[in-house]
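Heads up, the sequence shown is in the numbering used here, so the first residue is 2 and it goes up one at a time. Note that CB positions come from ideal geometry on N, CA and C, so glycine has one too. What follows is a set of notes on a single structure, which appears directly below.
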Amino acid sequence: MSDRPVTFKSRLRDLALALLNATLLLLALCLGLGYGAVARFDSALEDFGESLVSLRPVAGELRGIKEELAGLRGEIAGLREGSGEGLEALELRLEAFDGRLQAVGARIEGLAQRPQALLDQSIDRAALKFGEALGSATGCRAAPAGEGV
Numbered sequence: 002m003s004d005r006p007v008t009f010k011s012r013l014r015d016l017a018l019a020l021l022n023a024t025l026l027l028l029a030l031c032l033g034l035g036y037g038a039v040a041r042f043d044s045a046l047e048d049f050g051e052s053l054v055s056l057r058p059v060a061g062e063l064r065g066i067k068e069e070l071a072g073l074r075g076e077i078a079g080l081r082e083g084s085g086e087g088l089e090a091l092e093l094r095l096e097a098f099d100g101r102l103q104a105v106g107a108r109i110e111g112l113a114q115r116p117q118a119l120l121d122q123s124i125d126r127a128a129l130k131f132g133e134a135l136g137s138a139t140g141c142r143a144a145p146a147g148e149g150v
């Protein structure tokens, strides 16, 4: 040990230094976690932007496919007036295809009209990833489903 006597003043100074050290460590931890959260949020926004941009060409393609489908129906109607052989099965398949196409088109157009849903989904995914990263960094893990707190 040192030769200097232990006084109240020296203990108070050591306590203040320890408090400052702990505060700086907590500040560094909070800054690191904050940076991670901002990076995850930025990643979620980029994913959202990419999703929205990639939906616009698909919606345009769907409109083109719908127009082509209408043209095929017109051709089938023209053929039906001619011989009409085997056209009923083709029409049934075409109707089923049209139904699926309309459902997909409505869903994509709905998402393009409501970008908030895409943003919410991206933020939820980013929050889940951030929670998993934080849990693995701290050694915590989620309780299995069905178990209470």
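The shortest CA-to-CA distance from Glu110 to any of Glu62, Ser44, Arg126, Gly37 is the one to Glu62. Here DSSP, grouped into helix, strand and coil, assigns Thr24 to helix. Taken through DSSP and simplified to helix, strand or coil, Asp43 comes out as helix. With a cutoff of 9 Å on beta-carbon distance, Phe131 and Arg14 are scored as not near each other. The alpha carbon of Gly79 has as its nearest neighbour, out of Glu68, Glu92, Lys67, the alpha carbon of Glu92. Residue environment: Ala71 is assigned as exposed (fewer than 16 neighbouring CB atoms within 10 Å of its CB, all protein chains considered). Per DSSP, reduced to three states, the secondary structure at Arg5 is coil, with no helix or strand assignment.
Nearest neighbour of Glu69 by Cα position, chosen from Leu46, Asp99, Glu82, turns out to be Asp99. For Ser44, the closest C-alpha among the options Leu129, Ser137, Gly136 is that of Leu129. Less than 9 Å separates the beta-carbon of Leu34 from that of Leu135.
The criterion of a C-beta distance shorter than 9 Å is satisfied by Arg74 and Leu95.
Here the C-alpha atom of Val7 lies approximately 35 Å from the C-alpha atom of Cys31. Nearest C-alpha to Leu102 among Lys10, Arg64, Asp48: Arg64. One thing to note: Asp48 has its Cβ within 9 Å of the Cβ of Ala127.
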